[in-house]
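Numbering (UniProt numbering), first residue to last: 1 to 832.
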C-alpha cells in the first residue's frame, strides 16, 4: 500500500459523500504543485459538531482527500493506463484536529467531566491568534499547503490564506538551504499533516498583534493522516519546528485538571502568561479507560448501526465522544483583555463617526467602565486631533491593532502611568465619598430601561430596604403625564433624601427633565442612574422582556400580556427598543450598570451594591434582603388603568410571521466582510450600508406573508398558534450559511432550521412546526441585511437567494461563505 492509504480511511470519505449537503459539503481543487491531481476539501456544518450523537463519521475540522485507485494486486496508486482497476478509493491527504470546545461549551468539557474522563499529562499550548495553515506531502516529492478549507488562489483575494502560508514556508526552506522534496519526503514517510498558525499583521489583522520576530508560521501540531485523531506529543512538534525553521508554540505541562483550572484562572486575571498577552490555551490530553459509565462503543447508536469512531455521549453522563486512549483537546479561552480591546475599537469608531465632534461625554457609559478605557479615550482624542490621517481607514477595519499598540506603549511611559494613577485616584476618591467630587444632599435614582427589564421590581425592593421614596409614572393617568411626574418627584424631594423616579427614562428628553429639576433645586441633588443597557441583539432583548410581561400577566398599570395574534404588548416593547437612546456620561452623576439577563435577586443585589457605594446607605442583612424579595413577589400596583375596548378591537393582524434571530449583524459581518479574501465590491457595499444607516433594525427571517396566507393557510395558522401561546413558546435555531449580495441588496442564507428549546409545556409544538415546514419555505429562508437605497424593496433579497439556491451560481451576485454561525429565535407576528 502507498503511505497514507487504508481501507478505514477510504470508508470514512465514502461515508462523507453520502451525507446530506446541509451536513457536509465538499469542493474540488487542482493541486497547485501538480494540477493533474485533484484534492477535495470537506467542510462540515459547524453547528452540528455540538449534536449528541454526532451526525458525522469524524469530528475532524480541516479535512482534505483525493481519489486513488487500486490495481488487481491491491496496490494503491494513480493507476497506469490499461491496468485493471478494482474501483475508486479515497486517501486522506490533510487531517486537521478534531473540533475542540471551550470549558462548559459541551457536556464533556465541564471541569467535572474532564476530571472523570481524561488523565495526565495535560499539555497547555498557547492559543495563537492567526489563521490555521496545513501542509502535507501530496506525493513523495511535492507538498500540499492549504488553509482550513481551501488551497491555491481565492477569487477576489490578492493573496489567499493558503498562498500566504506557502510563501512563509518557502522562506523557511530557502533560509535553511532545503528543498520542497526534502520536507515532502519526511511528511510522506511519517504520514503526517503539519499544522501551524499564520500570524502576520501585514497580511491580516487579528485581535493580538505580533512583532517581527514572532511573525510567520507558529507550528503547534503534527497529526497522522488517518480517520482517528492521532497527534504527536509537543516534544516531537518542537523538534520538527527546530529542524525546519518554524516558530515554536510555547507550552507548559501540568499533572491534574485542578492544576489546569488554577493555572488558567491566574492567567485569566491578567490575560497574560510570561508577560505576553494571550487569548487562551489549548489543552492536549487523552481519554481514560474507561472514560465514564454509560453506553460504550459497539452498542446501538440509535440508527441501527454501530457507532463509527465515536461513542455516543448522553446528557446524563457527560461522556467524551472518543474511544479510550484517544488524543483529546479542549480549550480555555479568556474574555479579557479582548472585551476591553473591543471597547477601545468601538469608542474610536464612535468618535470618528460622531456628528458632535470629539467629545467623550457623548460616549455610552456602558463602554466606559474601566479606567484604562477612560484613559484610552483621552489619549485617542488627542491622537486624532494630532494626526487625523492616521485614522482614515480605521472605520474600515485597518489600523486597529496599530492604534491599540501605540496606546499600550504610551501607557508604559511616565506620562501614561501618571495619568492613569490620577484617573484611578479620582475614582477611588469618588467611591470613598460616595458622591464624587461634589457634596450632594439629595439623590434621584433614575432607572433607564424598557418595559420588562425589571425596573419597578428593583425600585420596590430598594424602597423597602432603605425607605427611599418611590413614585411611578405608570400611576399617572392624565394627558400631560410628563410634567405631572416631574412635579411628583419634586414634591417627594421636599421630605426625602432619596427619591426613585420610576419611569423608563429611555429618552434623552426624559433624563434632561430630571437633570433640570436637580439643577434648579435649592439643595445639591445627585442623579444616580440604574442603567439597563440594551447593547445585545434586539431579538434577544425583546424575548427576555416579552417573557417577563407575559409572566406578570395583568399585574401592571397599563402594559399587560396579550394572547391575541397581534400581541400588542410585543409591539410596544419593539417601539421602546427602536426608540431608546443610550445614556451618555454627561447626563448623570453616577451610574450602576444593570444587566437585562439578571433574575430578580441578581438585579436587586446589583442595585443595592450601587446604593451602598454611591449614597453610603448601610448594607441590609440577608434576612432583610430576603424579606424585600418576598415583598416584590407579592407587589400589586395601586392603580390599574382599564383596558380600552376600542384599542383591542382595532388591533390589526400581523402583516407577516417571521423568525426573529438573536443576532448582531454588524458584529458578525464586520468580522467576516472586512477580511482581505472578500471581494472589494462587497466590502465597499457593506461599508456604505453602515454609513448610510441602511442595515435592518430588526433582523428577521420571513416564514409566511399575509399576501400568501390563502395559499399557505395551514402554515399561517401554525405560526399564529406559536405566536399567541399563553406560555413560553418554542425557540428555534438555524445556521447562517452565506452572505449573498448583488450590490443592490445584501442577505444571509438561513439553513438547518430545528428546535432549540421546546418551551414551557409545549414539547410537541416546535418539532411539529419544523417537520411540517414545506421545502419551498426552507429554500427561501434568509435575513435581509439591507438595501442600497430606500426605493429598493427588501423582497428582492428573497428572489436573489432563491435564484442562487436553484442555480448554484448567478451572474452579478457575489457570495461569501460564513463559518456556519448558529442563531436562535422565536416565531413572531410582525407588522413592520
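Cβ coordinates follow ideal geometry from the N, Cα and C atoms, glycine included.
Query                                                                                                                : Result
Of the listed residues 574, 336, 124, nearest to residue 259 (C-alpha basis)                                         : 124
Beta strand (DSSP E) segments (min. 3 residues) lying fully within the segment 387-463                               : 442-448
Unbroken beta strand (DSSP E) run spanning residue 470, endpoints                                                    : 469-472
Sufficient close CB pairs (3 or more, under 8 Å) joining the segment 237-257 to the segment 217-228                  : yes
Cβ pair count under 8 Å reaching 3, the segment 617-624 against the segment 685-695                                  : no
Whole alpha helix (DSSP H) elements within the segment 589-635, 4-residue minimum                                    : 600-614, 622-633
At least 3 beta-carbon pairs within less than 8 Å: the segment 184-195 vs the segment 124-142                        : yes
CB of residue 824 within 9 Å of CB of residue 733, strictly                                                          : yes
For residue 12 and residue 19, the rounded distance between their alpha carbons                                      : 11 Å
Per-residue DSSP class, three states only, for residue 655                                                           : coil
Per-residue burial, residue 111 [other beta carbons within 10 Å of its own, 16 or more giving buried]                : exposed
Rounded separation between residue 594 and residue 445 - CA only                                                     : 13 Å
At least three beta-carbon pairs within less than 8 Å, the segment 795-815 to the segment 656-671                    : no
Helix, strand or coil at residue 521 according to DSSP, with G and I counted as helix                                : coil
Same chain, Cβ closer than 6 Å to residue 351, neighbours up to 5 away in sequence not counted                       : 358
Beta-carbon gap between residue 514 and residue 505 smaller than 9 Å                                                 : yes
Under 9 Å between C-beta atoms of residue 755 and residue 726                                                        : no
Inside the segment 720-797 only - alpha helix (DSSP H) runs reaching at least 4 residues                             : 765-771, 775-780
Continuous beta strand (DSSP E) stretch holding residue 197: start and end                                           : 192-199
Contact between the segment 103-119 and the segment 197-205 (3+ Cβ pairs under 8 Å)                                  : no
Residue range of the unbroken beta strand (DSSP E) whose run includes residue 501                                    : 498-502
CA-to-CA distance, residue 582 to residue 829, given in whole angstroms                                              : 27 Å
Inter-residue spacing [alpha-carbon to alpha-carbon] between residue 231 and residue 254                             : 18 Å
C-beta contact flag for residue 24 and residue 56 at 9 Å                                                             : yes
Residue 563, buried or exposed, once every other Cβ within 10 Å from all chains shown has been counted against 16    : Only weak support is given to the placement of residue 563: the predicted model assigns it a pLDDT of 46, under 50, and the question is left unresolved by the model.
Own chain partners of residue 257 with C-beta closer than 8 Å, once the 5 adjacent residues on each side are dropped : 111, 114, 115, 118, 122
Residue ranges of each alpha helix (DSSP H) within the segment 218-304, 4 or longer                                  : 234-244, 257-270
Contact the segment 145-153 vs the segment 34-54: 3+ CB pairs below 8 Å                                              : yes
Reduced DSSP category for residue 493 - H, G, I as helix; E, B as strand; rest coil                                  : helix
Buried versus exposed, by CB contacts within 10 Å (16 or more), residue 169                                          : buried
Cα-Cα separation between residue 165 and residue 144, rounded to whole angstroms                                     : 11 Å
Burial state of residue 646, where buried means 16 or more other Cβ atoms lie within 10 Å                            : Because residue 646 sits at a pLDDT of 48, beneath the cut-off of 50, its placement in the model cannot be relied upon, and the following sentence gives the value as read from the coordinates. Exposed, since its Cβ has fewer than 16 Cβ neighbours within 10 Å.
Start and end residues, alpha helix (DSSP H) containing residue 352                                                  : 338-353
Assigned exposure category for residue 161 - 16 Cβ within 10 Å defines buried                                        : buried
Bridge partner(s) assigned by DSSP for residue 90                                                                    : 67
Contact under 9 Å by Cβ, residue 346 with residue 367                                                                : yes
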